[in-house]
Amino acid sequence: MDIDSMAEKVAEFSMEDDDESIEIDIIPDESTNGNWDQRWALVGRFVGERFIRLHEMSQIMASNWRPGMGVSILEISPQRFLFQFAHEADIRRIVEGGPWAYENHLLVYERVADGVNPVEVSLEKAAFWIQLHHMPLGYMSGIVVKRIGSKLGDIMELDSNNFTVMLDITKPLKDHVVLKIRNGGAVQNHKVTLKFERLPTFCFRCGLIGHRELFCRRNYEADNGEVPRMFV
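Numbering (the UniProt record's numbering), first residue to last: 1 to 232.
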């Protein structure tokens, strides 16, 4: 049999073999990743242009978090990390205590839902504490604060003058909102300033998280490089 005939036979065999899938049953005890426990796992990534080294980052984050039952950190795909805790109390404290950062790079994280592949989780939202400044007298109420927060994102917690909100970090942050106060037929606009707590690496020129204004792409929108800031 010549080489061309052999190649045709191999091709025929491959095509026929592909028609039938091979199914193999695996039980959890046979997994090579026996320490993986979805109940107390976070998946996350750090927002920024810096390459994150697993060993150094793991030491710093474990030191900052100080989980009572420990934490193990794995890199499950390039620059995507799995944070495996051992108790609900530890992971809940971390989730509720954010935002967290490493070397001023924001950690965007999410609890891994049952049956979900952590590699496929979309990591584009993060929670921020926001303080409200220059609120008009008489309007510092939970109802007004909730309406402000809901315009920005998904509210997680609030009180009379600040709130935690889940924001899409692929979009520019806002530095203020405008309250339209209606009194009869008159409308008065009142600017309320937003102050972010523990804000990580951030660009005051474009409002995005993950880089500083020196490296902002908006610098190239003007010939002289002088593009106005979104934040002051």
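No residue lacks a Cβ here, since even glycine has one placed at the ideal position from N, Cα and C.
In this text the structure is predicted, and so the values were computed from the model without any measurement.
**Request:** Starting from T170, follow its DSSP beta bridges and name the residues at the other end.
**Result:** Bridge partners of T170: none, in fact.
**Asked** Smallest Cα separation from M230: which of D159, C203, M156 and W129?
**Response** Among D159, C203, M156 and W129, the Cα nearest to that of M230 belongs to C203.
**Request:** Figure out for me which residue from Y102, L208 and R39 has the closest Cα to the Cα of V61.
**Result:** As written in the sequence, residue 61 is Met, which differs from the Val given in the question. The shortest Cα separation from M61 among Y102, L208 and R39 belongs to Y102.
**Asked** Ordered along the chain, which non-local residues of its own chain (more than five positions away) have a Cβ less than 6 Å from that of P28?
**Response** Only weak support exists for where P28 lies, its pLDDT of 48 falling under 50; the value from the coordinates is given anyway. No residues qualify anywhere along the chain.
**Item:** Candidates L199, C206 and R218, of which the one nearest A127 by Cα
**Value:** L199
**Request:** May I ask you to report which of helix, strand or coil DSSP gives L158?
**Result:** strand
**Prompt:** Does any residue of chain C bring its CB to less than 8 Å from the CB of G207?
**Reply:** No chain C appears in this structure, which consists of one protein chain only.
**Asked** In terms of DSSP beta bridges, what is L74 paired with?
**Response** L82
**Asked** Taking Cβ positions, are D175 and V165 nearer each other than 8 Å?
**Response** For D175 and V165, no; Cβs fall outside 8 Å.
**Asked** Between N74 and R218, what straight-line distance do the alpha-carbon atoms span, to the nearest angstrom?
**Response** The displayed chain sequence assigns Leu, not Asn, to residue 74. Using only the alpha carbons, I get a separation of about 35 Å.
**Asked** Sorted by chain position, which residues of the same chain lie with C-beta nearer than 6 Å to S58's C-beta, five sequence neighbours on each side aside?
**Response** I73
**Item:** Same chain, Cβ closer than 7 Å to L208, five either side skipped, listed in chain order
**Value:** P172
**Message:** On a Cα-Cα basis, can you pick out the residue from I181, L167 and E120 that is closest to V144?
**Reply:** Minimum Cα distance to V144 is reached at I181.
**Whole-number beta carbon distance between G98 and G210, since they are thought to touch under 8 Å** = With 8 Å as the limit, G210 and G98 do not qualify as a contact, their Cβ atoms being about 16 Å apart.
**Item:** Cβ distance (whole Å) where E124 is taken to contact I169 below 8 Å
**Value:** With 8 Å as the limit, E124 and I169 qualify as a contact, their Cβ atoms being about 6 Å apart.
**Request:** Just confirm the distance between the C-beta atoms of G149 and V108, as a whole number of angstroms; I'd bet it's less than 8 Å.
**Result:** Not confirmed; about 19 Å, so no contact.
**Message:** Let me check one thing: in DSSP terms, what residues is L106 bridge-paired to?
**Reply:** A101
**Request:** With a cut-off of 8 Å on the beta carbons, I'd call V119 and R80 a contact; round off their distance for me.
**Result:** Indeed, because the Cβ distance is near 7 Å, the residues count as touching under 8 Å.
**Item:** Residue from I22, G184 and S160 whose Cα sits closest to the Cα of Y139
**Value:** Ranking the options by Cα distance to Y139, first place goes to S160.
**Asked** Where do the N-terminal and C-terminal ends of the beta strand (DSSP E) with A186 fall, by residue?
**Response** A186 to F196
**Asked** Hey, out of R92, W129, V112 and H105, whose CA is closest to E197's CA?
**Response** The option with the nearest alpha carbon to E197 is W129.
**Message:** Tell me the DSSP secondary structure of R147 in three-state form.
**Reply:** helix
**For L167, the nearest candidate out of V178, F215, K151 and L179 (CA to CA)** = K151
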